[in-house]
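**Q** Take a look at the following structure, please.
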Amino acid sequence: MDLALYKSVLARHRRLVLVGVLASFALAVLAFVRVSPTGISYRSSERWVNEATLVVTQAGFNEGRSGGGAAVDTTLQRFAALVNVYAALVESDEVVNLLVKRGLVEREDVANGEIPVVATPVVSDNGASTPLMTITASASSAAKATALTTGATRAFIDALERRQRAAGIPASQRTLVQPVRRFGEPTLVAPRSKSLPLIVFLAGLSATFAAAIIRDGGLRRQPEEAELAESVPLAPAPEQSRSVPSKRPGSPPSKRRRRPTKPTPITPVEDTTAVLTALDSEEAPARPEAADGSTSGSRWEPQSTASTRRANQS
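Residue numbers (the working numbering): 8 to 321.
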C-alpha cells in the first residue's frame with residue numbers, strides 16, 4: 008500500500024486512529040511501570056556498580072621505604088600473594104552474613120546464590136601481582152551501589168580483625184587492609200529494558216492501522232454492492248424439486264394421504280337444440296347395412312344422439 012492511500016485512510020478515520028494511538032501509548036506505559044496501591048514502580052530495574060580499592064599492608068608502611076632490603080621485598084611479595092586469599096574472604100559466608108544483618112543484601116538473593124559483591128586482585132600492566140584488590144558492588148540504584156560498596160569494605164575489614172583477635176595475633180604483627188579509595192563514581196551498566204514497552208506500542212499501532220484499513224475497505228465496498236444490486240435484477244429462485252424417498256425393501260406401505268383433486272367444472276349447455284343442429288350439420292359416418300340389405304336412412308346416427316333428439320322433440 009502506497010503512502011497516499013495511508014494518508015487518505017488516516018484522514019477519513021482520524022478518531023479511530025487517535026483512540027488507537029492513545030490506547031497503545033497507555034499500554035506501553037503500563038508495560039514500563041507498575042501501578043499499585045502503594046504507588047508507582049518500575050517493572051524492570053537498573054544495575055549500577057561502584058568500586059572500592061584496598062591495599063594489603065602492615066604497620067610501618069613498608070611500601071614507602073626506599074631500599075628496604077631483601078626483607079622488605081619479601082614482605083611485599085607476601086602481601087601480593089595474600090590478595091588472592093583476601094579476595095576470596097570478601098565473598099565468604101561470614102562477610103555475606105554481616106551484610107544481611109546490616110540490611111545491605113536481601114536474604115532471598117543470598118538463598119538464590121546471587122551475591123552482589125565481587126572482589127578482584129589488581130595486577131600491574133605487565134601482569135605481575137600487586138598488594139591491591141578491588142571490591143565491586145552492584146545494586147538497582149547508584150545510591151544503593153555506593154552504600155553496598157562501603158558496607159562490604161567495612162564488613163570485610165571487621166571479619167578480618169575478628170579472626171586476628173581470635174587467633175591472638177599482636178597488633179604490631181597483624182596484616183592490615185586499608186582502603187585506598189572507599190568508593191568511586193557509580194556507573195550504570197544495565198539500564199531499564201525498554202524493549203517490551205516498544206513492542207507493545209508498535210503492536211498497538213499496527214492493530215490500529217489494520218482496523219482503519221479494514222473499516223475503510225468495508226465503507227468503500229458498501230456503495231459498490233448497492234450499485235451492483237440496483238443494476239442486476241434478481242433472478243427468481245428455482246423451484247426445488249422434491250425428491251421422493253425410495254422405499255426400502257421390506258418397509259411397510261406408506262400411509263401418506265393423497266391430496267384430493269378438484270373436479271373440473273362442467274359448463275352447462277344452455278341451448279341443446281343449437282348443439283344438436285351443429286352436430287347434424289357435420290358429416291356423419293355411413294350407417295352399416297342390415298343383414299337383409301335394407302337401409303333405414305341415408306345417415307347413421309348414434310344411439311345416444313337419436314334418443315336425445317326424440318326427448319327434445321317430445
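Note that beta-carbon positions come from the ideal geometry of N, C-alpha and C, so glycine has one too.
Check for me: the beta strand (DSSP E) holding Asn-57 runs from which residue to which?
**A** Working through the sequence shown from its first residue, we reach residue 57 at position 50. It spans 54–65 - the beta strand (DSSP E) in which Asn-57 sits, taken as one unbroken run.
**Q** Taking the beta carbon of Ile-142 as the centre, do at least 16 other beta carbons fall within 10 Å, making it buried, or is it exposed?
**A** Position 135 of the sequence shown, counted from the first residue, corresponds to residue 142. Ile-142 is buried by the Cβ-count criterion.
**Q** Using the C-alpha atoms, what's the distance from Ile-176 back to Thr-182?
**A** Residue mapping note: residue 182 aligns to position 175 of the sequence shown, counting from 1. Residue mapping note: residue 176 aligns to position 169 of the sequence shown, counting from 1. Approximately 10 Å, taken between the alpha carbons.
**Q** Are the stretch 206–222 and the stretch 16–30 touching, with three or more C-beta to C-beta distances below 8 Å?
**A** The stretch 206–222 vs the stretch 16–30: in contact.
**Q** Along the chain, which unbroken stretches of the beta strand (DSSP E) at least 3 residues long are found entirely within the stretch 151–196?
**A** List check, beta strand (DSSP E) in window: 182–188.
**Q** On the criterion of 16 or more Cβ atoms from any shown chain inside 10 Å, does Glu-58 qualify as buried, or is it exposed?
**A** As a working note, residue 58 is residue 51 in the sequence shown. Per the 10 Å Cβ criterion, buried.
**Q** Around the C-beta of Val-130, are 16 or more other C-beta atoms found within 10 angstroms, so that it is buried, or is it exposed?
**A** Within the sequence shown, numbered from 1, the residue matching residue 130 stands at position 123. Per the 10 Å Cβ criterion, exposed.
**Q** Can you give me the Cβ contacts of Ser-48 inside the same chain, cut-off strictly under 6 Å, excluding the 5 residues immediately before and after it?
**A** In the sequence shown, residue 48 corresponds to position 41, counting from 1. Excluding sequence neighbours, Ser-48 sits near Arg-41.
**Q** Do Thr-60 and Arg-172 have their beta-carbon atoms positioned less than 8 Å apart in this structure?
**A** Along the sequence shown, one-based indexing puts residue 172 at 165. Along the sequence shown, one-based indexing puts residue 60 at 53. Contact: no.
**Q** Quick one: measure Cβ to Cβ for Phe-322 and Phe-208, integer angstroms, because I've assumed they're closer than 8 Å.
**A** Residue 322 lies beyond the stretch modelled for the chain, which goes from 8 to 321, so this question has no answer here.
**Q** Within its chain, find whatever has a CB closer than 8 Å to the CB of Thr-194; leave out the 5 residues flanking it on each side and keep chain order.
**A** The residue labelled residue 194 in the question sits at position 187 within the sequence shown. The answer, listed in chain order, is Trp-55, Val-56 and Asn-57.
**Q** Going by C-alpha to C-alpha distance, which of Gly-46, Arg-19 and Arg-50 sits closest to Leu-203?
**A** Indexing the sequence shown from 1 puts residue 203 at position 196. The option with the nearest alpha carbon to Leu-203 is Arg-50.
**Q** Considering only the alpha carbon of each residue, which of Thr-137, Pro-128, Val-125 and Asp-165 lies closest to Gln-84?
**A** Within the sequence shown, numbered from 1, the residue matching residue 84 stands at position 77. Cα-wise, what sits closest to Gln-84 is Thr-137.
**Q** Out of curiosity, what's the CA-to-CA distance linking Leu-34 and Ile-206?
**A** Residue mapping note: residue 34 aligns to position 27 of the sequence shown, counting from 1. Residue mapping note: residue 206 aligns to position 199 of the sequence shown, counting from 1. Cα to Cα, Leu-34 sits roughly 10 Å from Ile-206.
**Q** Go ahead and pull the three-state DSSP assignment for Gly-110.
**A** Here residue 110 refers to the residue found at position 103 when the sequence shown is read from its first residue. Looking at Gly-110 - three-state DSSP - the assignment turns out to be coil, as it is neither helix nor strand.
**Q** Consult DSSP for Thr-45 and reduce its assignment to one of helix, strand or coil.
**A** In the sequence shown, residue 45 corresponds to position 38, counting from 1. DSSP places Thr-45 in coil when its eight states are reduced to three.
**Q** Within the same chain, show all residues whose beta-carbon is closer than 8 Å to that of Glu-53, passing over the 5 residues directly before and after it, in chain order.
**A** Your numbering for residue 53 matches position 46 in the sequence shown. Excluding sequence neighbours, Glu-53 sits near Ser-147, Ser-148, Leu-195, Ala-197, Pro-198 and Arg-199.
**Q** Leaving out five residues before and five after Phe-39 in sequence, what residues of the same chain have Cβ atoms less than 6 Å from its Cβ?
**A** Here residue 39 is taken as the residue at index 32 of the sequence shown, counted from 1. Excluding positions up to five away in sequence, the list reads Pro-204.
**Q** From the DSSP output, in three-state form, read off Pro-204 for me.
**A** In the sequence shown, counting from the first residue as 1, residue 204 sits at position 197. Helix at Pro-204.
**Q** Where do the N-terminal and C-terminal ends of the alpha helix (DSSP H) with Ser-51 fall, by residue?
**A** Position 44 of the sequence shown, counted from the first residue, corresponds to residue 51. Ser-51 -> no alpha helix (DSSP H), and no H or E assigned at all.
**Q** Using a Cβ-Cβ cutoff of less than 6 Å, which residues in the same chain neighbour Thr-127 once the five nearest sequence positions on both sides are dropped?
**A** To locate residue 127, count along the sequence shown from 1; it is residue 120. Cβ within range, chain order: Thr-141.
**Q** Going by C-alpha distance, which of Val-125, Thr-160 and Asn-104 is nearest Val-63?
**A** Numbered from 1 along the sequence shown, position 56 holds the residue referred to as residue 63. When each option's Cα is compared against that of Val-63, the closest is Thr-160.
**Q** Kindly list the residues whose CB is nearer than 7 Å to the CB of Val-117, restricted to its own chain and excluding five residues on each side of it in sequence; keep chain order.
**A** For the purposes of this step, residue 117 is taken as the residue at position 110 of the sequence shown. Same-chain partners within the cutoff: Val-103 and Val-107.
**Q** Determine the contact status of Leu-96 and Gly-158, defining contact as a CB-CB distance below 8 Å.
**A** Here the question's residue 96 lines up with position 89 in the sequence shown. Here the question's residue 158 lines up with position 151 in the sequence shown. No, Cβ-Cβ distance for Leu-96 and Gly-158 is not below 8 Å.
**Q** Can you tell me the Cβ-Cβ gap for Val-124 and Ala-154, rounded? I've got them flagged as a contact below 8 Å.
**A** Position 117 of the sequence shown holds residue 124. Position 147 of the sequence shown holds residue 154. About 12 Å; that fails the 8 Å criterion.
**Q** Whose C-beta lies closer than 6 Å to the C-beta of Phe-329 among residues of the same chain, with five residues either side of it excluded?
**A** No statement about residue 329 is possible, as the shown extent of the chain runs from 8 to 321 and does not include it.
**Q** Alpha carbon to alpha carbon, what distance is there between Gln-65 and Val-184?
**A** Taking the first residue of the sequence shown as position 1, residue 184 is located at position 177. Taking the first residue of the sequence shown as position 1, residue 65 is located at position 58. Rounded to whole angstroms, Val-184 to Gln-65 spans 8 Å at the Cα level.
**Q** Tell me the residue span of the beta strand (DSSP E) that contains Ala-135.
**A** By 1-based counting over the sequence shown, the position of residue 135 is 128. Where Ala-135 is concerned, there is no enclosing beta strand (DSSP E), given that its DSSP letter is neither H nor E.
**Q** Cβ of Leu-105 within 8 Å of Cβ of Ala-166?
**A** If you number the sequence shown from 1, residue 105 lands on position 98. If you number the sequence shown from 1, residue 166 lands on position 159. Yes, Cβ-Cβ distance for Leu-105 and Ala-166 is below 8 Å.
**Q** For Thr-156, collect the residues of the same chain with a Cβ closer than 7 Å to its Cβ; drop the 5 residues on either side in sequence, then sort them by chain order.
**A** Counted from its first residue, the sequence shown places residue 156 at position 149. Cβ neighbours of Thr-156 beyond the five flanking positions: Asn-57, Glu-58, Ala-59, Ile-142, Ala-144 and Phe-190.
**Q** Around the Cβ of Gly-46, are there at least 16 other Cβ atoms within 10 angstroms (buried) or fewer (exposed)?
**A** Taking the sequence shown and counting its residues from 1, the one referred to as residue 46 is at position 39. Looking at its Cβ environment, which holds fewer than 16 other Cβ atoms inside 10 Å, Gly-46 is exposed.
**Q** Who pairs with Thr-127 in a beta bridge, going by DSSP?
**A** Looking up residue 127 in the sequence shown gives position 120. Per DSSP, Thr-141.
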